[in-house]
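Novice: Chains as they are written, first to last, in the working numbering: chain A, 16 to 382; chain Z, 16 to 382. Where is the CB? At the ideal position from N, CA and C, for every residue including glycine. Got a structure for you, questions after.
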C-alpha cells in the first residue's frame, strides 16, 4: 500500500508519498508537474549506479529529458566546493536550464541538503523533488524544507536556504541496500520523534524493532509515515523555527557538538551523535527534576537495543560547550536546549549552564 | 527633505528612505530593529575607507557591535569565490553570529547582490539592510529582493536568492564620490523605467539632465524616489517575476549578451550595455510596427545626451543569440524580450527570431 502525508504550507504544500518501488513512478510524477521538460538528477557516487540510473530511466520513459549529475559521496563533501561543482554541471547542461527545470535529489540527507540548496540557488530558485534512500533522510531531511551545506571550520549546515520541495517520493525498497549503521541513524530520529511528541511511536518501535531492522516493506513504510506525520505537524506548526520547531533539535545540541569534535562523521555518525545527545539531554532533564530516571532509562535502553551509541568516553567538556555556543541555534552566545518534561513532550530551555552540560557529558562516559 | 517609499510585500514590507547624509542614521535604524545586537557591514575595498568606516561608526555610536568585512571591488569578483570568503569572515566573527545578526550592505549593486546573497544563505537567512552608494544600486538593486552572483562561464546572476532587505537607506550624498561613468549606468535604468512605465519620468530627466549629472542633492533624491516608486510598483505587482516584473528586463536581454561577450564589464559597463540593449529593442519595436521611429529616436537621443553608449561595431550576432538562449529568462531555449508598444508601456514577446535580433544588433553599428 502507498501512504500519503500532506505537508500543509499554503501555496507551497506538497505530498510525501511512501511505498515500495516508488522510484519507478518518478517519471510519471515529474511529467505531471506544470511545464516540466527537463530534469537534473543529483545523487552521490554510491547511489548513482544503483538508483540514479533507475530515476533517469523512469524520467525518460515518461518523455522527460533527464541528466544525471553525480558527486563524491560523504558528509565531508557537503561543502561549498561540491556545491560549486554541482552548479557548474547544472549550468553546463545543453540545452541550458531555465526556470522550469526541475532538480531531483536521489539519496540520503547529504544529497537532499546539497541538491535542495542547489535548487534554491540556481536561477534564484528551481522546483525540486526529493527521493530519499535512507531512513534518516526519509524521516528527517524529507520534511521541513531545510537545505544547505557545512562550513569547513565553523560548523554544520551554516550555509543554506529554506526551500520546500514540490514533492517527496520515498521508495521503501531502497532501504534494503542501506548499510545497517545508516539504518540505525534513521532510527535515532524516530526515537527522537517519539520522545518529543508521541509515546505510541516508542511503543511501535519497541514492538517492531527486529522487523524494522530487517527492512520489512510494510512495517518500515508504516514507521516512516508515522514519523513524517509527526515532523510535518511540527513544521506546519512553525515553519521558520521561531518556536516549537526547535523541539526537533532535541538531542542535536550536544549531539552536533560531539559530531563536530569528531570531524563530521569520520568517527561518530550523525545518528550515534544524536543518540548520545538524547541520552545527555535526558540525563539533564532527570537532574533538573523534569522527568523520572525510569523514563530516561527507557529511552537509553531502546537506543541501545537499536544498536545506537549511548556511552562515550574522553569528550572534552570545555570544547563541547564552546561548539554549542557557536551553534546557529545559540543566541548571543547563550545556549538553548530542548529537554523532555515527560515522555512525548519537551520544552525549550534557555538557562543552560556549562556545569550542567559538563556533568551530562561526563555521565556519558559511565557504564 | 527625506523621501520614504514603502515597498509593500506583506509581512516582508519595508521602507526605502532617501535623503542626504542618511548614512549617519544607520546606527539608529539598526538599533530600532528587533533583537539587534550584532551587525556585519559588507563593502568593497573602495567603499570601505569612505563609507564602510562611517557606517561602523554610526552603528557603534548607537551601541550596536559592528564588524567591517571588505572584499575586492569589481563585478569580476561577484562570484562564488568572494561569496565563500565573505562567508568565512562572517562565520569567524567573535562572538559567533546567530539568527539575530544583521548584515548591512554598503556600496553598489555588486555589494548588495553579494551581501544580500550572503545574508540569504548564512544560517539559512539573516536580516539585512541595504545602503546603496551608486545611482544604479539606488534605483535598481535596492528594490526587488534579488540577490546573487555570477557564474564564471555560464553567465551573470545565475546563482542567488530572492531575499528582501529589512530596509533600504539611500544617502544621496554618497553619489558625489561616484565616478561619472557609474552615475551614467544608473541613468540608463532611470530611462528604462520611463520607457516601460512613465513618460513623465523621461520629461523629468530631459528637463534636469545637467543638474542630475552634477549630483544636486534635492533633484537626485527626487529622481531616485520617482524610480524607486516605479520599480516598487512593478515588484509589488509581481514579486516572483512570473509576469509583469519581466518588464524590468527591457534592454537587458540583448544588453546582458553584449556584457557577457565583453567579459562582464571589462570593456562594456552594465549601463552602457543596457543602453545598447534598449536602442536595439526600440529598433525591433519600430521594425515590428509597435512604435514610431520618432519614439525610438527620442530614447536614443536622451541616452546619448546622458553620455551612454548607443552604437557598437563588431558584435558577433550569432554569439549574441547563443548567449540570449542561455539567459535564465529564456524558456526551453526560446528567447523572450520586452519591447515597447508605446513610450511608457511595454509588453512581453516570446516570438523573437534570430534574424530580428541580428538585424537590430547590426543596426547598432550604424552611425
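Select from the region 348 to 377 of chain Z all residues with a C-beta closer than 7 Å to any C-beta belonging to chain A, and list them in chain order.
Specialist: Look at the region 348 to 377 of chain Z: the residues with a C-beta under 7 Å from a C-beta of chain A are 348.
Novice: Short check: CB of residue 302 of chain Z to CB of residue 373 of chain Z, under 8 Å?
Specialist: no
Novice: So, does the region 26 to 35 of chain Z touch the region 177 to 195 of chain Z, judging by three or more C-beta pairs under 8 Å?
Specialist: yes
Novice: Hey, does residue 265 of chain A have any beta-carbon neighbour from chain Z nearer than 8 Å?
Specialist: no
Novice: Between which two residues does the beta strand (DSSP E) containing residue 166 of chain A stretch?
Specialist: 161 to 166
Novice: Which residues in chain A sit within 9 Å of residue 177 of chain Z, going by Cβ to Cβ distance?
Specialist: 139 and 140
Novice: Taking C-beta to C-beta, are residue 294 of chain Z and residue 332 of chain Z nearer than 8 Å?
Specialist: no
Novice: Compare the Cα-Cα distances from residue 230 of chain A to each of A:84, A:193, A:61 and A:55 and report the closest residue.
Specialist: Closest option to residue 230 of chain A, Cα to Cα, is A:193.
Novice: Within 10 Å of its beta-carbon, does residue 34 of chain Z have 16 or more other beta-carbons around it, so buried, or fewer, so exposed?
Specialist: buried
Novice: Between which two residues does the beta strand (DSSP E) holding residue 186 of chain Z run?
Specialist: 182 to 186
Novice: Would you tell me roughly how many angstroms separate the C-alpha atoms of residue 151 of chain Z and residue 213 of chain Z, rounded to the nearest one?
Specialist: 18 Å
Novice: So within the region 70 to 125 of chain Z, which uninterrupted beta strand (DSSP E) runs reach at least 3 residues, ignoring any that extend past its ends?
Specialist: Within the region 70 to 125 of chain Z, the beta strand (DSSP E) runs of at least 3 residues that lie entirely inside it are, in chain order, 80 to 86 and 117 to 122.
Novice: Classify residue 280 of chain Z: buried if its beta carbon has 16 or more other beta carbons within 10 angstroms, exposed otherwise.
Specialist: At residue 280 of chain Z, the pLDDT of 46 sits below 50, so the modelled position is not reliable; the number obtained from the coordinates is stated separately. Buried, by the Cβ-count rule.
Novice: Mind pulling the alpha helix (DSSP H) runs of 4 or more residues that sit fully within the region 187 to 219 of chain A?
Specialist: 195 to 212
Novice: Considering only the alpha carbon of each residue, which of Z:68, Z:239 and Z:159 lies closest to residue 260 of chain Z?
Specialist: Z:159
Novice: Expressed to the nearest angstrom, what Euclidean distance is found between the alpha-carbon atoms of residue 157 of chain A and residue 145 of chain A?
Specialist: Rounded to whole angstroms, residue 157 of chain A to residue 145 of chain A spans 7 Å at the Cα level.
Novice: Express the C-alpha separation of residue 142 of chain A and residue 124 of chain A in angstroms, rounding to a whole number.
Specialist: 18 Å
Novice: In its own chain, which residues sit with a C-beta less than 7 Å from the C-beta of residue 85 of chain Z, not counting the 5 before and 5 after it?
Specialist: 58, 59, 60, 63 and 67
Novice: Taking just the CA atoms, how far does residue 171 of chain A sit from residue 92 of chain A?
Specialist: 12 Å
Novice: Which same chain residues, not among the five before or five after residue 244 of chain Z, have their C-beta less than 8 Å away from its C-beta?
Specialist: 20
Novice: Between residue 10 of chain Z and the rest of its own chain, which residues show a CB-CB distance below 7 Å, the 5 nearest in sequence each way excluded?
Specialist: Residue coverage of chain Z in this structure runs from 16 to 382, which leaves residue 10 of chain Z outside it and unanswerable.
Novice: Counting only beta-carbon separations shorter than 8 Å, does residue 135 of chain A have a partner in chain Z?
Specialist: yes
Novice: Kindly indicate the opening and closing residues of the beta strand (DSSP E) around residue 53 of chain A.
Specialist: 53 to 59
Novice: Just to confirm, is the Cβ distance from residue 55 of chain A to residue 77 of chain A under 8 Å?
Specialist: no
Novice: With a threshold of 16 other CB atoms inside 10 Å of the CB of residue 43 of chain Z, please say whether the residue is buried or exposed.
Specialist: exposed
Novice: Which of the three DSSP states is assigned to residue 335 of chain Z in this structure?
Specialist: Looking at residue 335 of chain Z - three-state DSSP - the assignment turns out to be helix.
Novice: Give a yes or no on contact between the region 86 to 106 of chain Z and the region 127 to 141 of chain Z, applying the rule of three or more CB pairs nearer than 8 Å.
Specialist: yes
Novice: Could you pull the DSSP bridge partners for residue 355 of chain A from this structure?
Specialist: A:361, per the DSSP bridge assignment.
Novice: In chain A, which residues lie less than 9 Å from residue 161 of chain Z when you measure between Cβ atoms?
Specialist: Within chain A, the residues near residue 161 of chain Z are 139.
Novice: Give me the residue from A:81, A:342 and A:320 with the minimum Cα distance to residue 206 of chain A.
Specialist: A:320
Novice: Where does the unbroken beta strand (DSSP E) through residue 241 of chain A begin, and where does it stop?
Specialist: Looking at the DSSP string, residue 241 of chain A is not in any beta strand (DSSP E); the run it does join, the alpha helix (DSSP H), is 232 to 252.
Novice: For the beta strand (DSSP E) holding residue 147 of chain Z, just list the boundary residues, first then last.
Specialist: 142 to 147
Novice: May I ask which residues mark the beginning and end of the beta strand (DSSP E) holding residue 32 of chain A?
Specialist: 29 to 34
Novice: Any idea what DSSP makes of residue 266 of chain A, helix, strand or coil?
Specialist: coil
Novice: Measuring straight from C-alpha to C-alpha, what distance separates residue 276 of chain Z and residue 357 of chain Z?
Specialist: 30 Å
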